[in-house]
Every structure is written in C-alpha cells, then in structure tokens.
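Comments concern the structure below.
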Amino acid sequence: MKVVIRTDKLSKHYGKGGGIKAVDELDLEVYEGETFGLLGPNGAGKTTTVRLLNCIIKPTSGTATVNGYDILKKETDVKRVTGLLAESPGLYEKLSANEFLEFMGALYDVPSNILHERINDLLKLFGLHERHDQLLEGYSRGMKQKILIASALIHDPPILFFDEPTSMLDPRAALMVKDLIKKLADTASKTIFICSHILPIVEELCDRIGIINQGRLIALGTVPEIIAQTKTKTLEEAFIAVTGGVEEKELLAWREQKGASA
Amino acid sequence: MPAPKWLQIAKNEYRIHTSRIRKIRPYFPYMAIGLLAVYVAFIAPTFVNLFIGDFFSLFGLPPSLPPEVATAIVAAIMQIILFMIFFYFIILPITYTLKEVQTGQLEIFLAAPIKPGDVLLGEFLGVVPFYTIAVAVIAGSFIALLNPLALDMAQMTIIIIIFAVTFLSALWIGTVIAATLRTRLGKTARGKDIGRALALVIALPMIAIMYAVMGGGLIQALVDPGTSEMVRAVLGLLPSSWGAEVIVGFALNPGNISAIWLETLARFGGLIIFFLAALGLGAKVANRAYSLETITFAASRAKPDGSFYKTVKYLGGGGPFGTLLVSVFKDYSRRLENLSKIFYMVGIAVLMSIFFGIGDPEGALLMPQFILPILASFVVGEVTLRGKETLFIYKKTPSGVARLVKARLLHGWLVVLPITAVIIAVSSILTPQTTFFSLLTYAGIVVLYLAAVVAFVLGLSLVNPAFSDKSGNYMINQMITIFAIPNGLFLIPLIVLGRAFDFGLLHVLCYVTIPLSWLVGIVFLYLGKRRLSRIE
Chain A
0 MKVVIRTDKL SKHYGKGGGI KAVDELDLEV YEGETFGLLG PNGAGKTTTV
50 RLLNCIIKPT SGTATVNGYD ILKKETDVKR VTGLLAESPG LYEKLSANEF
100 LEFMGALYDV PSNILHERIN DLLKLFGLHE RHDQLLEGYS RGMKQKILIA
150 SALIHDPPIL FFDEPTSMLD PRAALMVKDL IKKLADTASK TIFICSHILP
200 IVEELCDRIG IINQGRLIAL GTVPEIIAQT KTKTLEEAFI AVTGGVEEKE
250 LLAWREQKGA SA
Chain B
0 MPAPKWLQIA KNEYRIHTSR IRKIRPYFPY MAIGLLAVYV AFIAPTFVNL
50 FIGDFFSLFG LPPSLPPEVA TAIVAAIMQI ILFMIFFYFI ILPITYTLKE
100 VQTGQLEIFL AAPIKPGDVL LGEFLGVVPF YTIAVAVIAG SFIALLNPLA
150 LDMAQMTIII IIFAVTFLSA LWIGTVIAAT LRTRLGKTAR GKDIGRALAL
200 VIALPMIAIM YAVMGGGLIQ ALVDPGTSEM VRAVLGLLPS SWGAEVIVGF
250 ALNPGNISAI WLETLARFGG LIIFFLAALG LGAKVANRAY SLETITFAAS
300 RAKPDGSFYK TVKYLGGGGP FGTLLVSVFK DYSRRLENLS KIFYMVGIAV
350 LMSIFFGIGD PEGALLMPQF ILPILASFVV GEVTLRGKET LFIYKKTPSG
400 VARLVKARLL HGWLVVLPIT AVIIAVSSIL TPQTTFFSLL TYAGIVVLYL
450 AAVVAFVLGL SLVNPAFSDK SGNYMINQMI TIFAIPNGLF LIPLIVLGRA
500 FDFGLLHVLC YVTIPLSWLV GIVFLYLGKR RLSRIE
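One line per chain: the protein sequences are A and B, in this order.
Everything in the first sequence is counted per numbering that gives the first Met the number 0, starting at 0 for the first residue and increasing by one.
Everything in the second sequence is counted per numbering that gives the first Met the number 0, starting at 0 for the first residue and increasing by one.
Shown next as structure tokens:
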C-alpha cells in the first residue's frame, strides 16, 4: 500500500531549552485511502501534529512527507494536497456561505468556472443550498461545521485532516459529520486523518489508530490489535491503560478529610 | 489565470466590512465617490467660508484674519494636522485589532498555499477604501482652506498625493503592527486581555495632542515665528512633517512651483521613499506577523494574598463575606482591561488639569462632575458583562443576590473613592488660593457625590443588564451615566437655581446634587437588586 503521510522523528518543542515537548520524535505512516485516527487526551499533541503536517507551524527537529512532499521543502505543494478542518477555526461570520466558499476556493486557486458549480454541489450535499446567501453569523453550530467541512473539500484534496470534528456538536450534527466522513472515505477514496479524544468516533470510523500522550506515540494499530496489546476488553480500557487514569479508590479520598462536609 | 491572492483577500475584507449594506454593495463605491466629489467641490468650500471664524477661535486665534494671513496660519496648522492623521491612522488598525484579538482566521490562511505578504497586503488593501473616505473629507476641507491662495494644478495635485501617501504609510505601518500584535497576543487569554487594555490607553497620546491644540496653545506656538522653530524641528523628524513642509512652501509661493522645486523634490521624494521603504519592511516582517507558533506556555499564577487583600478581607468583615469581597476584587483587578480603563480616566483628568487650567478653587469641583461618573461606570458598570452564568452562581447561593450587590458596591467604593479623592486633591493643589481646609471640604463633597453615583450606576447596570460590552444596553447605560448624571443632577440644577436664587456651585452641590444623587442611587440600587433576583 502506498504511504501518503510519513513522519520521521517529527518533534515540536516549546519553552526554555525545549523543555515542553508537544510532539516528541513521532514516527508514523498513514496509507492511501485509509481513515487514520490519532487519539489522545487533551494537550497530548494531536493538534500540534496536524498543524505540523499542514505546514502551519515548523518542527523543531525531524520531518515528514505528505503525498510525497517534504513539509520543510515543499510547503505550498503540501498545502495544495490537504484539506483541514481545524479544531476551532475562525469563520468569517459576516460573509454568506456562498461568499465564504468562494473565498476559500480562490485561496486554493480553484478555477472560477469549476468553483461555482462545486460550491453549489457542496451546499446541496450539506442541505444548505437554500441558505447560501445568509450570513454565517445566523447559522447554528452544526451548520457552521458543515460549511467548514465544505471549505476543506473545496479544492478536492486527496488528504483530509479533521481535528476534533464532532467535539462541539450536538448528537444529530455529530452523526451527520460521522456519516459524511464515512462517505468520503468509502466512495471518494480520500485519505482521512482524524484527531479526537472521543473514543466511539475513532472506533467507528478509523481503520487504524494511534494513541499519543505527552507528545509520544504510545500505541499503534487497529482497534482489536490495540485492545490485544494492552490486554484489555474495550478501547476505553485500553486508552486508560496506556495514558493513565485515576484509581477507583482515589475518587472519593477527599471525603475522608476532617470537616470536609458542610 | 487566477486573480492574485492579495486581491482575493482584499475582496474578502471588503465584503466583510460591507456585509451590513450587502443589498447596495455593488453601487456603494459609486455612491461614495459621488458624495465625496460633491463634498470636495461644493460642501467643503461653502462650509469653510461660513465657519472659518469659528474654526480659528477654536484654536484660540482671532476670527477676523485677512484671507492671506489665515491661509498662512492654516499652512502652519497643516504640520499638526498631518501629524495627527499620521498618528491616528497608525493607531486605528491597532486599536481595532486589539479590542478583539482573534487568531481563528489565521489558521485558514496558514493552511492555504499563500505567502504571508499576500495576506498582509490583502488585509491592508481591503480596508483602504473605508479610510480613504475619511482622508478625502479631511483633504477636501484643507484644499478648500487653501483656495484663496490660488495654487496651481500641479501644487494641488502634489498636496492631494501628500495626503494620500501620508495616510497610506500610516495605515500600512498600523496594519503591520496590528498583525504582529495579534500574533503575539492572540494565543492566550492573558495576551487578549493585554490587547484590550492597550486598545484603550493607546489613544491617550492622541488625546493629549488634541487637548494641547484646543487648550494648550500649541497652534499659537506654531504660528508665532519665535516659538515655532523648536516645535517644528521636533515634528520635522516625522515623515508627516515632510509633506507639511511642502504644503507650507506652496502656500508661500502660490502658483510658482519652480521657485521651490529643489525643496519640494527633496521632501516629497523623501516621503515617497519612506512609503516604499515601509512597504518593503512590512512585507519582510509579514512572516513573523502571521504565525501560529506558541510563544509561551507559562500560565498566570496567583500569588498568596498580600496585605492589600488581607485589608480588603478585613474591611469586608473577615468572614465569608470578606472572602467574597476579595474574590470580587481579584476577578476585577486581574483583568488588565479594567486597570487600563482606570488609568485612561485618570489620564484624561490629568490632561484636562494641565491643558484646561482651573482658575479658582471652586473650579476644581467642576471637572470631576463630568469625568468621574465615567470612572464609576467603568468600575461597577461591568457587573453583568461576564454573562448570566456568573450571576447565576450568586443566585444559586443563600442570600447570594444581596451579597453580590453589597460586595460590588463596596468594591466600587473602595476603587473609585480613593482615586476621586486623589484627583480632587491634586487639581485643588494646582489651583491658586486653595487652603488645606477647602481642599478637604472639596474632596469630601466630591467623594460623597461619587459614592452615590457608584450606587446609582450599579443599580442601573442591574436594572438594565448588559451581558456583553457590545450590547445596546451597555451603550445606553454608559450614555445615561455620561450625560444624564452630570446634566440632570448637577448642571441643570446649577443653571435653574443659579438664576432663580443666585445659588453658587458649592450650594448646588451640597443642597441639591448630593441629596438627589443619594436618593436616585438608593432607589436604583433597590430596583437593581429586585431585577437581579428575577433575571432568568
């Protein structure tokens, strides 16, 4: 299988003397057409990894290739072959859906004869065609997320990055996004890289997953493989086993302090 | 071939700024150009002819000057005006950005195949049309003022270019600084707070110049050949003055550009070179201006309570209410935005004392009536701004509403009243013939008045709650505080009673303003508390 994302000791350190290791010597391979999930607790380094792979920030050391392009040497090419749904992206609320997608298409050099047709198709696909001229400030959170996904697809990139695609959505909108990702993977043969801390999403959508904690990749494989590696029964248990969690007996320890009750 | 990226970004910026007038967007440029042409050709000359006398008296100059002298004065004023335009257009984009530092859209740009220089240029060009309207109005008015000199076409054209280049240079510098600050400040809550704090105080130097022009005799100093040299030499270091010198040269040699061609070429050329250099440098720093690299991971830490908070707790009775009062203080004073508002108001009060000198001891009582209610509004008017959820915390607890009102009132007094006392004391000391007794009396009177105003503003903010500083209610409350309090409680009684019973300033304050303000304060506080109990 063709490898489309390959990281080679990819690292990003912050602070004095690089004391804070947001991503630490990450070695990873993602294959063409697969849906890969990067799982990890808050602050594990998921978003930093996505930003590094999209050339938004530069690595401290190591490198990576995306669709064969080196992220250090071929920034523009990398950006052209990827679409990104950021975790908390800034939407231009004073633009209509049409205007925003037009703008995003122009940023990615989509020819104008194709662009308008594509915007129409995407808005129809997301059920927002009727609202195409409404300002985005009037959209619900789920609708805004649809527009952001549409903007990540506007230049029809072969590789898509979804950073926490459902974390801010209600169950109905989350289900819609999940179905859409499935459809993109199954019928459009996209390579999809999902970052999330919501286990069922990753479990359901991803062919393989990697678990990252404190910047280091600590588990890699399919869900059954990871469960087997950790000798647990569920992905949730496996996740807790590799990332650490609070012991049951510690949960109510605070009540034993004298005078704790009001 | 696709359109350049900077043009797409500029178009996008233009769309964002005209989203409110989407229906007339296609016609907007023509309407704006048409209206500006009418203004420059007809309205400005008529307006200038009608009000030139008032214009001069505003700057403390005799209104009945012959046109030639008037024009020479205008030429001297030009230096100040161009300096102010220069400064204003630098701080405008910075203030706009700092008020609401957002980096969300940066990710869109950084993920797309675009050069940072294109983003910077696009963002800049996207807002230029709107600022151009303001500059066209200013430039049009000055060209009308220079009309009596009969400048030739070449001179007029150069003057227009000078205005345009001065403004474009300033706006570009402001845009670059704003983009850099946004990157540095936008990633942390602390940074955003610093941004909002800077957005307000950054205007103080501009206000100082304005006050110096209006009440400080700056224009007179510039017109007087003896004293103007030093001021002009200082201002001459700034590129805005190079253009002003060219205009002064034209004013002295109307219709004869060849007489001063060398000076014109040097100064005008210098201005153009400065503009091009600024453009080049800005494009170079664009890479740094657009970045999502985390600058710091250091989170702000709370120190153990020092003697200040221990005193506040003691003043609050020491127990749970003391702790609550300390929490209110901490939440307030750890926001730099709040501290900058206090600094801003104190700055305004100091500038007014310096440039609009107070003639007699009672005069020291006048200025605080107008300035200090705004301070009270800044301090207690933000009680509901953090949203309903914060208020619900109090509503959920036993006697929470009453305790919130009490804590915020005490907090308001503890912040506003000492500042008030110091301002009154300083402005009284600056006033001749002030005795220690009168100083104490005046400080006491104003403190008593402000204590009632704090209660009123707190009550008003609860009666008409604003859950964001962009809400209409917040604006209404501010307007009531700024206009209704000084006019309704002080100025109108002063005029009415002064005429009817020959009441002086001190009498009105003691017998009318203070009792009335306490009455209104208590009533509003009661109504505010009731309203807070019913907020859902």
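Ideal Cβ placement from N, Cα and C applies to all residues, glycine included.
Cβ of residue i within 8 Å of any chain B Cβ
{"i": "A/I193", "result": "no"}
{"i": "A/E79", "result": "Inspection of the sequence shows that residue 79 of chain A is occupied by Arg rather than by Glu. For A/R79, the answer is yes, since a Cβ of chain B falls inside 8 Å of its Cβ."}
{"i": "A/P156", "result": "no"}
{"i": "A/T59", "result": "no"}
{"i": "A/F161", "result": "no"}
{"i": "A/L51", "result": "no"}
Three-state class that DSSP yields for residue i in the structure shown
{"i": "B/N463", "result": "coil"}
{"i": "B/R189", "result": "helix"}
{"i": "B/L180", "result": "helix"}
{"i": "A/Y138", "result": "coil"}
{"i": "A/E24", "result": "strand"}
{"i": "A/V29", "result": "strand"}
{"i": "A/D108", "result": "coil"}
{"i": "A/Y68", "result": "strand"}
{"i": "B/R300", "result": "coil"}
{"i": "A/V2", "result": "strand"}
{"i": "B/L384", "result": "coil"}
{"i": "B/Y38", "result": "helix"}
{"i": "B/Y473", "result": "helix"}
{"i": "A/L127", "result": "coil"}
{"i": "B/Y210", "result": "helix"}
{"i": "B/S290", "result": "coil"}
{"i": "B/L275", "result": "helix"}
{"i": "A/I19", "result": "strand"}
{"i": "A/L122", "result": "helix"}
{"i": "B/S426", "result": "helix"}
Interface residues of chain D facing residue i [CB-CB closer than 8 Å]
{"i": "B/K4", "result": "Among the protein chains in the structure shown, which are A and B, there is no chain D."}
Pick from the options that is closest to residue i, judged by C-alpha positions
{"i": "A/K15", "options": "A/T59, A/E136, A/A43", "result": "A/T59"}
{"i": "A/S95", "options": "B/T17, B/P147, B/M205, B/I79", "result": "B/T17"}
{"i": "B/V349", "options": "B/P238, B/S427, B/S239, B/M83", "result": "B/S427"}
{"i": "B/L145", "options": "B/I176, B/A207, B/P44, B/D192", "result": "B/P44"}
{"i": "B/F166", "options": "B/I142, B/I84, B/L508, B/A451", "result": "B/I84"}
{"i": "A/P223", "options": "A/D132, A/K1, A/R215, A/G209", "result": "A/G209"}
{"i": "A/E203", "options": "A/A21, A/I113, A/L234, A/D108", "result": "A/L234"}
{"i": "B/L150", "options": "B/K4, B/Q78, B/N255", "result": "B/N255"}
{"i": "B/R181", "options": "B/L109, B/Y289, B/R266", "result": "B/Y289"}
{"i": "A/K8", "options": "A/L216, A/R254, A/G141", "result": "A/L216"}
{"i": "A/S150", "options": "B/G121, B/Y393, B/L371, B/E106", "result": "B/E106"}
{"i": "A/L135", "options": "B/A31, B/L504, B/R14", "result": "B/R14"}
Residue-chain proximity (residue i, chain A), Cβ-Cβ < 8 Å
{"i": "B/G194", "result": "no"}
{"i": "B/L119", "result": "no"}
{"i": "B/G268", "result": "no"}
{"i": "B/P1", "result": "yes"}
{"i": "B/R183", "result": "no"}
{"i": "B/E388", "result": "no"}
{"i": "B/E106", "result": "yes"}
{"i": "B/N286", "result": "no"}
{"i": "B/P372", "result": "no"}
{"i": "B/G248", "result": "no"}
{"i": "B/S516", "result": "no"}
{"i": "B/A111", "result": "yes"}
{"i": "B/A18", "result": "Reading the sequence as shown, one finds Ser at residue 18 of chain B and not Ala. Yes, contact with chain A."}
{"i": "B/I42", "result": "no"}
{"i": "B/E292", "result": "yes"}
Next on the checklist: Within 8 Å, do at least three Cβ pairs link the segment 126–136 of chain B to the segment 235–250 of chain B?
Outcome noted: Output reads no: the segment 126–136 of chain B does not touch the segment 235–250 of chain B.
Item to check | Continuous alpha helix (DSSP H) assignments of at least 4 residues falling wholly in the segment 138–225 of chain A | outcome: Counting whole runs of 4 or more residues, the segment 138–225 of chain A contains the alpha helix (DSSP H) stretches 140–152, 170–186, 198–204.
Next on the checklist: Which runs of the beta strand (DSSP E) at least 3 residues long sit entirely within the segment 35–108 of chain A? Give them in chain order.
Outcome noted: Correct list: 60–65, 81–84.
Next on the checklist: Check whether the segment 506–520 of chain B and the segment 439–455 of chain B are in contact - that is, three or more C-beta pairs closer than 8 Å.
Outcome noted: Yes, the segment 506–520 of chain B touches the segment 439–455 of chain B.
Next on the checklist: Within 8 Å, do at least three Cβ pairs link the segment 194–208 of chain B to the segment 240–252 of chain B?
Outcome noted: No, the segment 240–252 of chain B does not touch the segment 194–208 of chain B.
Checklist entry - Does the count of Cβ pairs from the segment 367–384 of chain B and the segment 331–341 of chain B closer than 8 Å reach three? => result The way I'd put it, the segment 367–384 of chain B does touch the segment 331–341 of chain B; three or more beta-carbon pairs between them come closer than 8 Å.
Checklist entry - How do the segment 155–175 of chain B and the segment 33–43 of chain B stand: do at least 3 beta-carbon pairs fall below 8 Å, yes or no? => result No: fewer than three Cβ pairs fall under 8 Å.
Checklist entry - Would you call the segment 144–161 of chain A and the segment 94–110 of chain A in contact, with 3 or more CB pairs under 8 Å? => result In this structure the segment 144–161 of chain A touches the segment 94–110 of chain A; the number of beta carbon pairs closer than 8 Å is three or more.
Checklist entry - What residue ranges within the segment 76–142 of chain B form continuous alpha helix (DSSP H) runs of no fewer than 4 residues, ordered along the chain? => result You should have 103–110.
Next on the checklist: With a threshold of 8 Å, are at least 3 pairs of Cβ atoms found where one atom belongs to the segment 524–535 of chain B and the other to the segment 397–406 of chain B?
Outcome noted: The answer is yes - the segment 397–406 of chain B touches the segment 524–535 of chain B, with three or more Cβ pairs under 8 Å.
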